[in-house]
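Undergrad: Our numbering puts the first residue of the sequence shown at 104, with every later residue one more than the last.
Submitted below is the structure of interest, expressed as structure tokens.
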Amino acid sequence: QANWAQHPAVAGQACGGERAQGAMPRYPLFFTGDEACTEVAKPDGLWNWCLLGPDPEKLPLSAGGSGGIEEIKEVLGAHPMSFGLLRMTFGIRSASEQGGAARGRETCATRWLFLHVSDAEAGVHSGVARGQASAKLPEMEKVLGRYVKTAAKAQITSKDECNVEFLLPIVQKVAKFEAHLFTIEKYNMAMEDFQERHPPNEEVEQEEQLAIQQVEEEAPPVEEVEPVPEDAKLDEEEELFKQRKAMKLFKMGDAVLVFSNQGQMWHDDGIIVEALDEAGQRDGSRLPAGSMKAQYNSGRRYKWVTPQQAKSFLQPSSRPIPPPTLAGGLLKEKH
């Protein structure tokens with residue numbers, strides 16, 4: 104089962120508190136990208152993969168776990184693109200090798216891969232967002248290379264590629280004369296051995312639930328945040344010039360992509376909250392008929408767009424309209 108970061112406060116407890124000595128939990132509390140990468144970089148770390156958002160400075164943790172490449176399909180598409188590390192072990196060490204100095208030939212081989220992950224089939228993110236995330240590839244590869252030396256780079260673009268059969272040729276190609284060590288049988292053998300040595304720990308799972316419960320109890324109530332305008336008042340000449348050709352207009356409730364002047368990027372969470380049938384005064388500006396008010400950036404910003412500006416600042420979005428936000432208590436019954 105994959106593990107996800109859930110709240111910064113929980114992260115503080117996970118990173119700052121002491122962990123139980125001796126116990127080897129299968130699902131530890133990791134909530135930062137640095138901690139997750141450090142664990143995956145260990146030859147026998149409790150996580151064998153992690154994915155990060157496209158930010159080489161903050162390294163936001165997207166997901167991670169101990170189930171190998173097959174587990175990654177569960178979190179595909181969380182970001183326009185994700186980058187991460189995957190540890191693949193083939194075979195198991197003998198008892199003498201595990202107990203100290205190795206005697207005889209080592210039957211276990213471990214390699215790390217740098218992952219470049221996206222889900223082109225999902226269509227959740229815009230092409231602009233994918234392009235911006237892809238531009239971070241060289242920086243992310245350099246930063247993650249500080250944790251562990253990777254043998255190769257693997258690009259995953261669909262759930263069908265989240266399997267050992269897809270990655271095995273990549274590993275074998277760089278293994279050269281050691282390619283015989285890297286087989287599906289030896290990979291499965293290593294995963295079974297890992298699961299046996301790191302079974303689920305009920306005590307750790309209970310601590311995780313208590314930490315999450317504490318965060319939920321201390322969290323402040325949901326507050327309504329009024330959106331603020333991104334731009335100053337429209338220029339008088341821009342407001343009043345006549346429309347000379349048909350323009351693509353959106354109606355209230357339409358999902359749109361909104362271009363931000365400040366961020367120089369497209370936001371794919373825009374929605375038209377008002378459309379003018381007649382010229383009028385809104386938010387301190389005189390607007391011609393057909394002007395549209397687009398709210399975006401998680402509802403924090405809005406922009407008035409005249410019909411003449413629509414081509415430059417608005418595009419139709421294929422995403423579904425989200426349901427109304429609900430706030431309240433959630434009761435969970437366990438059997």
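We treat Cβ as the ideally placed atom computed from N, Cα and C, and that holds for glycine.
Since we're looking at a predicted model, the values are computed, not measured.
With distances taken Cα to Cα, identify the nearest neighbour of Val178 among Lys414, Trp407, Ser261.
TA: Considering only alpha carbons, the answer is Ser261.
Undergrad: For a quick check, are the C-beta atoms of Trp152 and Leu218 less than 9 Å apart?
TA: In this structure, Leu218 lies closer than 9 Å to Trp152 by Cβ.
Undergrad: Where does Glu79 sit, in a helix, a strand or coil, going by DSSP?
TA: For residue 79 there is no data in the structure shown, the boundaries of the chain being 104 and 438.
Undergrad: With DSSP run on the structure shown, which of helix, strand or coil describes Pro302?
TA: The answer is coil: DSSP assigns Pro302 none of H, G, I, E or B.
Undergrad: Taking buried to mean at least 16 other C-beta atoms within 10 Å of its own C-beta, is Met442 buried or exposed?
TA: Shown here, the chain extends from 104 to 438; a query on residue 442 therefore has no answer.
Undergrad: Bridge partners for Ala257 per DSSP, in chain order?
TA: DSSP output for Ala257 lists Leu218 as bridge partner(s).
Undergrad: Mind checking Asp386: buried by the 16 CB within 10 Å criterion, or exposed?
TA: Label assigned to Asp386: exposed.
Undergrad: If you follow the beta strand (DSSP E) that Cys153 is part of, which residue opens it and which one closes it?
TA: Cys153 -> beta strand (DSSP E) spans 152-155.
Undergrad: Please confirm whether any heavy atom of the ligand COA lies closer than 8 Å to the CB of Val251.
TA: In the structure on display, the ligand COA does not appear, and there are no ligands present to speak of.
Undergrad: Checking the sheet assignment: what are the DSSP bridge partners for Gly168?
TA: According to DSSP, Gly168 bridges with Trp152.
Undergrad: At the level of alpha carbons, what is the spacing between Gly168 and Ala238?
TA: Cα to Cα, Gly168 sits roughly 26 Å from Ala238.
Undergrad: Decide if Thr428 is buried, meaning its Cβ has at least 16 other Cβ atoms within 10 Å, or exposed.
TA: Its Cβ having fewer than 16 others within 10 Å, Thr428 is exposed.
Undergrad: Here's the rule I'm using: 16 or more other beta-carbon atoms within 10 Å means buried, otherwise exposed. How should Phe344 be labelled?
TA: Residue placement at Phe344 is poorly supported in this model, since its pLDDT is 45, which falls under 50; the coordinates are not used for a value here.
Undergrad: Just to confirm my understanding: we take Ala378, look at its own chain, exclude 5 residues before and 5 after, and list those with CB closer than 8 Å. What are they?
TA: Once the five neighbours on either side are set aside, the close Cβ partners of Ala378 are Leu352, Phe353, Lys354, Met355, Gly393, Ser394, Met395, Lys396.
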